[in-house]
Ligand code: ADP
Ligand code: ZN
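In this note's numbering, the protein residues as written are 5 to 729.
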């Protein structure tokens with residue numbers, strides 16, 4: 005009988021620690037246990053690493069078993085180790101993402117007392133009709149809380165209390181809320197699939213039945229029925245009694261998706277995201293671990309849930325950069341989802357109308373399967389996309405909507421149809437300056453301009469959240485009434501639209517005007533109900549919404565995303581604008597999209613106008629291949645940051661001097677990050693670029709180990725960076 009085991013703790017240590025098994029206690033890898041560490045008691049998980057037999061048993065601290073928590077299955081333990089090794093994170097930090105939920109509310113908070121009949125009628129207790137009714141209710145073996153029990157039995161509280169006092173009823177711990185109902189794969193809500201959809205659905209279902217790892221790209225224009233199609237793969241997993249995980253980039257904006265799921269399967273899926281209450285998290289986590297939650301739809305963190313029998317993963321909008329987690333453990337949920345699927349031997353479906361170049365290249369090489377839905381469902385035409393050349397037909401001075409766009413909106417509204425204006429910028433103006441002295445309002449803690457939010461009378465930093473009131477006079481020159489907004493945000497566009505279309509009912513959709521998932525759902529419902537005519541929004545409006553009466557989309561500044569100029573600026577702009585465009589004309593009436601741009605000849609604009617995304621992506625690939633840029637090479641970024649600029653620069657310089665070199669290895673930097681200061685900390689960047697056949701992790705480990713990092717400076721490692729800020 006073993007006398008010790010290794011235990012992984014949810015803290016940033018290099019690996020698991022060894023603990024002594026008290027007499028009579030046996031554990032298995034995956035068991036949750038309690039252990040002492042530096043005078044604290046922590047939850048941990050028995051790990052697979054063999055303990056060190058060389059340590060004296062007496063020097064090891066004892067662990068204590070924890071009952072009632074499910075064991076973490078082997079594939080999840082492998083996954084945690086894999087993600088830690090790939091992202092150069094401490095395994096404990098990754099474990100924390102997997103078990104934080106149940107432990108957050110480890111107190112009996114999420115539990116309540118339920119009642120069941122005691123063993124027998126206590127001596128001397130008389131049976132009465134009321135007591136009989138109460139026992140009858142409990143005869144189905146399901147415990148009830150006191151309130152439910154007396155309501156169902158139609159008896160007074162005193163009856164139940166008296167029975168409980170005498171042991172005629174016994175208390176049991178009960179999860180507070182109802183368990184998750186199982187979605188019904190054969191519920192009447194299934195659409196009749198078109199032949200092309202049916203063919204794709206059948207292949208996906210076959211993959212589910214195969215119970216082996218496979219990756220399939222499901223690609224098709226917006227509105228072609230990709231969701232409808234992959235839900236059939238979910239149905240197949242349900243028929244096999246296996247669990248499914250569906251990752252959505254922004255679950256808070258997925259009200260329509262959830263509704264649609266409920267229509268298809270009769271009940272809602274389990275939902276997982278960071279805004280759940282601790283009690284709900286804990287309950288959901290356990291339901292997943294016990295296999296009771298058959299379908300989970302979630303944000304990227306759902307990837308670390310303890311599914312005992314995962315039969316399918318779907319990543320919807322796989323191209324979305326929202327899948328990249330940029331803080332803590334820095335990982336790309338789409339890529340890690342593929343890894344989890346492999347470790348679980350389950351199929352994974354990547355879904356997008358504009359797949360990432362990474363995924364395209366994998367389909368071309370045959371590593372991923374590829375299914376395409378070529379046309380919109382029900383014969384709806386794809387929207388007509390045209391550019392408005394702002395050099396030829398500029399807006400009036402101080403305005404942002406060009407005459408052709410105004411005209412198109414006027415016509416659309418006159419026909420009783422809906423129009424949408426898209427600008428991916430919150431607030432009133434991205435920059436405020438003093439007309440008298442030229443002073444520009446910047447964040448004191450970040451390399452960023454303060455954004456005016458006129459309704460709230462605030463200047464706000466969109467990076468750290470700092471905000472200050474708009475001053476009466478210029479803080480630099482004291483002049484009054486000289487502050488001028490520069491450039492538009494959605495608030496300013498709304499102001500202009502109010503002047504131009506005073507009779508149109510307007511709705512602004514931005515993350516700061518829409519309160520949470522309910523707010524987004526309400527807004528979407530208002531649009532579907534035709535309670536609004538003109539929608540003005542940020543990227544929130546681009547999400548998978550289905551607005552049948554929307555026929556015109558105007559993109560206020562199509563060039564906006566191209567300005568940053570990083571590796572994927574073109575690809576990302578195309579994906580975003582294509583998705584926005586896809587909101588138009590989804591039902592009978594044809595849709596129109598107008599792009600306001602200063603460069604209609606830019607490849608991104610041409611691809612949108614001509615509808616030839618494949619050609620754009622092919623050109624993009626040819627642009628990246630020679631320099632070994634991803635996906636034809638590997639990237640890893642080091643971000644060095646600290647409050648002391650000199651220290652930060654010293655570490656960055658030392659890393660620069662110690663940079664790895666060799667054939668196929670290149671290091672760029674150190675250089676100040678574009679966001680050279682964030683939340684009061686200075687930031688420097690280095691970028692490692694290697695050929696595809698070179699693993700970056702060992703290089704990075706050796707590199708980082710060669711440079712001492714003083715207290716007060718930190719180095720983050722970002723493997724496969726998406727943001728270069
Ligand atoms: P995508 O995910 O490709 O954007 P969706 O699955 O959202 O497309 O489908 C677009 C719209 O068409 C939705 O309202 C959907 O319910 C409807 N739809 C798609 N396929 C069918 C079908 N076979 N029968 C009925 N409605 C369908
Ligand atoms: Zn700031």
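Glycine residues also receive a C-beta, built at the ideal position from the N, C-alpha and C atoms.
Distance, residue j Cα to residue i Cα
i: residue 605; j: residue 581; result: 16 Å
i: residue 19; j: residue 126; result: 55 Å
i: residue 232; j: residue 197; result: 8 Å
i: residue 527; j: residue 513; result: 8 Å
i: residue 492; j: residue 428; result: 10 Å
i: residue 129; j: residue 152; result: 23 Å
i: residue 556; j: residue 616; result: 20 Å
i: residue 730; j: residue 449; result: No answer is possible for residue 730: the residues shown for the chain start at 5 and end at 729.
i: residue 47; j: residue 349; result: 29 Å
i: residue 112; j: residue 68; result: Because the pLDDT of residue 112 is 46, which lies under 50, any placement of that residue in the model is unreliable, and the question is left without a value.
i: residue 133; j: residue 140; result: 10 Å
i: residue 255; j: residue 484; result: 45 Å
i: residue 378; j: residue 210; result: 21 Å
i: residue 564; j: residue 543; result: 12 Å
i: residue 650; j: residue 687; result: 11 Å
i: residue 506; j: residue 267; result: 38 Å
i: residue 521; j: residue 273; result: 15 Å
i: residue 347; j: residue 217; result: 8 Å
i: residue 353; j: residue 702; result: 30 Å
i: residue 570; j: residue 576; result: 10 Å
According to DSSP, residues forming a beta bridge with residue i
i: residue 477; result: 484
i: residue 276; result: 302
i: residue 335; result: 329
i: residue 207; result: None; residue 207 has no bridge partner.
i: residue 453; result: 446
i: residue 424; result: 539, 557
i: residue 438; result: 487
i: residue 722; result: 641
i: residue 669; result: 666, 694
i: residue 258; result: Per DSSP, none; premise fails for residue 258.
i: residue 1; result: This structure gives no information on residue 1, because the portion of the chain shown stretches from 5 to 729.
i: residue 119; result: 148, 175
i: residue 615; result: BP columns for residue 615 are empty, so no partner.
i: residue 66; result: 24
Top-ranked residue by Cα proximity to residue i, from the options
i: residue 200; options: 190, 185, 223; result: 223
i: residue 226; options: 546, 526, 679, 136; result: 546
i: residue 463; options: 432, 484, 561, 481; result: 432
i: residue 550; options: 453, 229, 610, 42; result: 229
i: residue 74; options: 141, 309, 718, 282; result: 309
i: residue 648; options: 635, 360, 682, 507; result: 682
i: residue 300; options: 262, 330, 325; result: 262
i: residue 326; options: 332, 316, 338; result: 338
i: residue 728; options: 341, 423, 328; result: 328
i: residue 56; options: 258, 6, 335; result: 6
i: residue 573; options: 628, 592, 695; result: 628
i: residue 695; options: 91, 637, 675, 654; result: 637
i: residue 276; options: 302, 267, 37, 260; result: 302
i: residue 257; options: 341, 515, 601, 473; result: 515
i: residue 659; options: 242, 619, 718; result: 718
i: residue 598; options: 236, 187, 423; result: 423
Buried versus exposed, by CB contacts within 10 Å (16 or more), residue i
i: residue 441; result: exposed
i: residue 71; result: exposed
i: residue 344; result: buried
i: residue 665; result: exposed
i: residue 240; result: buried
i: residue 87; result: buried
i: residue 730; result: Given that the chain is displayed from residue 5 to residue 729, the structure contains no residue 730 and the question cannot be resolved.
i: residue 42; result: exposed
i: residue 561; result: buried
i: residue 253; result: buried
i: residue 4; result: Only positions 5 to 729 of the chain appear in this structure, which leaves residue 4 out of reach.
i: residue 548; result: buried
i: residue 592; result: exposed
Within-8 Å CB hit, residue i to chain C
i: residue 99; result: Any reference to chain C falls outside this structure, which holds one protein chain only.
- Task: Output the residues surrounding the ligand ZN, defined as those with a CB atom closer than 5 Å to any ligand heavy atom, in chain order.
- Result: For the ligand ZN, the selected residues are 447, 449, 450, 465, 467, 468, 470.
- Under a criterion of Cβ closer than 5 Å to any non-hydrogen atom of the ligand ADP, which residues qualify, in chain order? Shown in chain order are the residues whose CB sits closer than 5 Å to a heavy atom of the ligand ADP: 195, 197, 226, 227, 228, 229, 230, 231, 232, 381, 550.
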